[in-house]
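J.: Residues in the sequence shown are numbered from 12 upward in steps of one, following the working numbering.
We put the beta carbon where it would ideally sit given N, CA and C, even for glycine.
All figures in this text were calculated on a predicted structure; none of them were measured in a lab.
One structure is given below, represented as C-alpha cells, and several questions about it will come after.
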Amino acid sequence: MLAMWEGSSAGGDLQEGGDRTIFAQVLDRATGKALSQKVTVDKSVVGNRYQALKPFPDGSVAYLSKGSTGTSVKVVRFFGC
C-alpha cells in the first residue's frame, strides 16, 4: 500500500506553495508496517488537500499536479518493484 501525505513548517490552513512537501512511503496493507523509507517528492510537484492517486493494472499509481503553465500538468507515477 502506498501512503502519501504533506508536511509543512507553516502552521494553519496550508496554501499551495513552497512551504509544503509531499512524502510517500510503502506500507504493509495488513499491518501498516513500513516496508520502505519515506521518500520526498520533488518540490516542483504541488500538492493539495484532496490528494487522489490513480491506480493502473500494472500495480503502479499516479498523482497529477498542476503544471508550470495554465495548460500543463505534472505526473508523479509510483511503480512497484
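Which ranges would you report for the beta strand (DSSP E) in the region 13-74 if only whole runs of at least 3 residues count?
T.: 13-19, 31-37, all fully within the region 13-74.
J.: List the residues that DSSP assigns as beta-bridge partners of F89.
T.: On the sequence shown, residue 89 is found 78 positions in, with the first residue counted as 1. In the DSSP output, where bridge partners are listed per residue, F89 has V72.
J.: Please state if the CB of K77 and the CB of V57 are separated by a distance shorter than 8 Å.
T.: For this step, residue 57 is matched to residue 46 along the sequence shown. For this step, residue 77 is matched to residue 66 along the sequence shown. Yes, the Cβ-Cβ distance between V57 and K77 is below 8 Å.
J.: Take the Cβ of Y74 as the centre, count every other Cβ of all protein chains shown within 10 Å, and call the residue buried at 16 or more, exposed below.
T.: Stepping through the sequence shown from its first residue, residue 74 is reached at position 63. Y74 should be labelled buried.
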